[in-house]
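K.L.:
In the numbering used here, the protein residues as written are 18 to 266.
Here it is as structure tokens:
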């Protein structure tokens with residue numbers, strides 16, 4: 018019965034987060050940890066689902082020419098470097114510290130989803146080529162380090178960064194989803210050596226994640242408004258962050 022609940026939760030999460038260009042690891046890590054999974058196992062499993070969710074959605078976005086490869090490729094390269102650093106740091110960092118950092122990240126992302134400050138402020142604005150290069154280089158490294166350290170694909174940071182660079186929300190979400198595939202893959206490879214998975218359960222949730230992302234990416238492409246969805250997810254992340262912080266006190 019517990020496995021059925023996990024499978025349904027993964028499917029729904031994949032539908033929702035794939036619409037926003039985010040793999041869902043920001044939800045999966047605390048969710049799996051809350052079910053009793055060891056933290057580093059939860060991180061590695063979340064990264065695998067990130068690869069599946071974002072990869073499934075990215076196939077549609079690529080076919081529909083929604084991904085900007087000029088922005089995506091350098092981000093992927095710098096993120097790949099950062100993930101190896103983050104994966105190494107994760108093995109040295111105490112669990113309570115990782116949970117605290119993860120909850121702070123959830124607060125930042127939840128607040129951004131609720132208020133969409135980056136999108137409102139930067140929409141339609143142009144920035145210089147030098148600033149774009151700085152954002153891609155620094156942003157890629159930061160995304161990679163966070164992916165390796167906390168088990169997130171970085172999509173929640175890629176989307177606002179691309180909006181700052183002048184991209185529309187749909188292009189930013191689609192491009193972010195593509196970047197997350199490779200950032201998560203690199204981080205997964207940094208963690209896989211310490212992973213102790215339940216293979217049967219993992220296979221089931223991989224299928225659920227793939228199917229959920231197919232549904233979510235089609236809903237996003239068909240111009241479903243994401244504002245309400247984003248606000249709901251923002252509230253959910255803030256609640257989960259508060260729960261983690263309360264448990265650390």
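We put the beta carbon where it would ideally sit given N, CA and C, even for glycine.
Fair warning: this is a prediction, and the values are worked out from it, not measured in the lab.
#1: Determine the closest residue to residue 95 out of 117, 227, 201, 29, with distance taken between C-alpha atoms.
#2: Closer than 8 Å is the cut-off here; do at least three beta carbon pairs connect the segment 171 to 187 with the segment 225 to 233?
#3: When you compare only the Cα positions, how much space is there between residue 183 and residue 176?
#4: Is the Cβ-Cβ distance between residue 161 and residue 171 less than 9 Å?
#5: Kindly indicate which three-state DSSP category residue 85 falls into: helix, strand or coil?
#6: With DSSP run on the structure shown, which of helix, strand or coil describes residue 39?
#7: In terms of residues, what are the limits of the alpha helix (DSSP H) holding residue 62?
#8: Which residue's Cα is closest to the Cα of residue 251: 179, 26, 131?
#9: List in chain order: all unbroken alpha helix (DSSP H) runs of 4+ residues lying wholly within the segment 93 to 138.
#10: Which value, in whole angstroms, describes the spacing of the CA atoms of residue 24 and residue 30?
#11: Report the three-state DSSP secondary structure of residue 184 (helix, strand or coil).
P.N.:
So, to answer that:
#1: 201
#2: no
#3: 11 Å
#4: yes
#5: coil
#6: coil
#7: 56 to 80
#8: 131
#9: 112 to 132
#10: 10 Å
#11: coil
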